[in-house]
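Colleague: One structure, as structure tokens, below. Some questions next.
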Amino acid sequence: MLDYGIRFTFRKHKATPPAHALWLQRHSRRTLKMFNVVPKVYGTVPTRGLLISNHLSYLDVMVISSVTSAVFVAKKEIKTWPIMGICARMGGTLFIDRERKMHVGEMTDEIQNSLDSGTVVVLFPEGTSTNGKDVLPFRSALLQPAARRTQPLSVACLEYNLEEGDASDEVCYWGDHLFFPHMMNLLGRESFRASVHFSPFDPGMSDRKELAPKLRAEVLKLKDELAVAK
62 MLDYGIRFTF RKHKATPPAH ALWLQRHSRR TLKMFNVVPK VYGTVPTRGL
112 LISNHLSYLD VMVISSVTSA VFVAKKEIKT WPIMGICARM GGTLFIDRER
162 KMHVGEMTDE IQNSLDSGTV VVLFPEGTST NGKDVLPFRS ALLQPAARRT
212 QPLSVACLEY NLEEGDASDE VCYWGDHLFF PHMMNLLGRE SFRASVHFSP
262 FDPGMSDRKE LAPKLRAEVL KLKDELAVAK
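Using our numbering, the first residue of the sequence shown is number 62, and each one after it goes up by one.
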């Protein structure tokens, strides 16, 4: 927090998305060291454009941002989360209010502005985190920047593994899990494994509703490839 204050608060101009993304990347790497985790990376890591990924845990942000400098799109409720909410705001997260339909259009413009600044913008179109056993249908509401095809588009698939225990319950954060007990349990682990598979994707279309299932199919393909690579 002190680092953030020194770097951003006292600047005369508003911090740019790339500056926020670099701050998040540096601190994500530091945090993952606490968990004794170095992500295993497959495929071509994007350096700009929109990145579409499955969503398993609050750790997803740290894993992806440790690999590529990025800002994230998240539900507004995360603003109030202990620790993670503060870090999300510091990292330049774009918060969406799902209860306001008009806010989707505003968020689309914010996403496009961040993309135009040269920053990777990460979107989790499942709308919630899961236990990783499947990939939920993708929501199309925020996929308009992808449909415009003005910036590169990539997909990613995340996966976690434990030597002992069930990663779908102890690493993935979903359902009725509570943040602090979940995190303390993870910190008590010697380590866990995080893998992320990236791939560029050319949609070949401009309709976001048609694009959503194609993006999901591509993430599922990466999920299968990760299973083979283990």
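Heads up, the beta-carbon is just placed ideally off N, CA and C, and yes, glycines get one too. Values in this document were obtained by computation on a predicted structure and should not be read as measured data.
Quick check: the region 256 to 271 against the region 102 to 115, are at least 3 beta-carbon pairs closer than 8 Å?
Modeller: Flag = yes, the region 102 to 115 and the region 256 to 271 touch.
Colleague: Does the pairing of the region 119 to 135 with the region 77 to 97 give three or more beta-carbon distances under 8 Å?
Modeller: They touch, by the three-pair rule.
Colleague: In this structure, how does DSSP classify Ala-11 when only helix, strand and coil are distinguished?
Modeller: Residue 11 lies beyond the stretch modelled for the chain, which goes from 62 to 291, so this question has no answer here.
Colleague: May I ask which residues mark the beginning and end of the alpha helix (DSSP H) holding Arg-150?
Modeller: Note, Arg-150: alpha helix (DSSP H), 145 to 151.
Colleague: Excluding the 5 residues preceding and the 5 following Ser-169 in the sequence, name in chain order all residues of the same chain whose CB lies nearer than 7 Å to its CB.
Modeller: Residue identity check: residue 169 is Thr in the sequence provided, not Ser. Around Thr-169: Leu-203, Gln-205, Pro-206.
Colleague: Assuming Pro-107 contacts Gly-179 under a Cβ cut-off of 8 Å, what Cβ separation, rounded to an integer in Å, is found between them?
Modeller: Contact doesn't hold; Cβ gap of about 12 Å is too wide.
Colleague: Thinking just about the alpha-carbon of each residue, which of His-238, Glu-271, Asp-268, Ala-228 is nearest to the one in Ala-255?
Modeller: Of the candidates His-238, Glu-271, Asp-268, Ala-228, the one whose C-alpha sits nearest the C-alpha of Ala-255 is Ala-228.
Colleague: Could you name the residues of the same chain whose beta carbon sits closer than 8 Å to that of Lys-73, not counting the 5 residues immediately before and after it, in chain order?
Modeller: Below a pLDDT of 50, predicted positions are generally treated as unreliable, and Lys-73, at 48, falls in that range; the measurement from the model is reported next regardless. Cβ neighbours of Lys-73 beyond the five flanking positions: none.
Colleague: Output yes or no for whether 8 Å exceeds the beta carbon distance between Val-26 and Ile-157.
Modeller: Given a span of 62 to 291 for the chain in the structure shown, any question on residue 26 remains unanswerable.
Colleague: Report the option in Val-98, Leu-276, Gly-193 whose CA atom is closest to the CA atom of Gly-236.
Modeller: Comparing Cα-Cα distances from Gly-236 to each of Val-98, Leu-276, Gly-193, the minimum goes to Gly-193.
Colleague: Pick out the complete beta strand (DSSP E) segments inside the region 111 to 148, 3 residues or longer, and give them in chain order.
Modeller: If we require 3 residues or more, the beta strand (DSSP E) runs fully inside the region 111 to 148 come out as 131 to 136.
Colleague: Give me the residue from Asn-97, Val-165, Leu-197, Ser-89 with the minimum Cα distance to Pro-274.
Modeller: Minimum Cα distance to Pro-274 is reached at Leu-197.
Colleague: Determine the direct distance from the alpha carbon of Glu-224 to that of His-61, and round the result to whole angstroms.
Modeller: Because residue 61 is not part of the residues shown, which for the chain are 62 to 291, the question remains open.
Colleague: Let me check you understand the geometry: is the CB of Leu-239 closer than 7 Å to at least one non-hydrogen atom of the ligand COA?
Modeller: In terms of ligand content, the structure shown is empty, and the ligand COA therefore cannot be addressed.
Colleague: What does the alpha-carbon distance come out to for the pair Gly-226 and Ile-172?
Modeller: Cα to Cα, Gly-226 sits roughly 38 Å from Ile-172.
Colleague: Residues bridged to His-258 by DSSP?
Modeller: His-258 pairs with Tyr-103, Cys-218.
Colleague: Following the continuous beta strand (DSSP E) through Phe-156, name the residue where it begins and the one where it ends.
Modeller: Start and end: 155 to 157.
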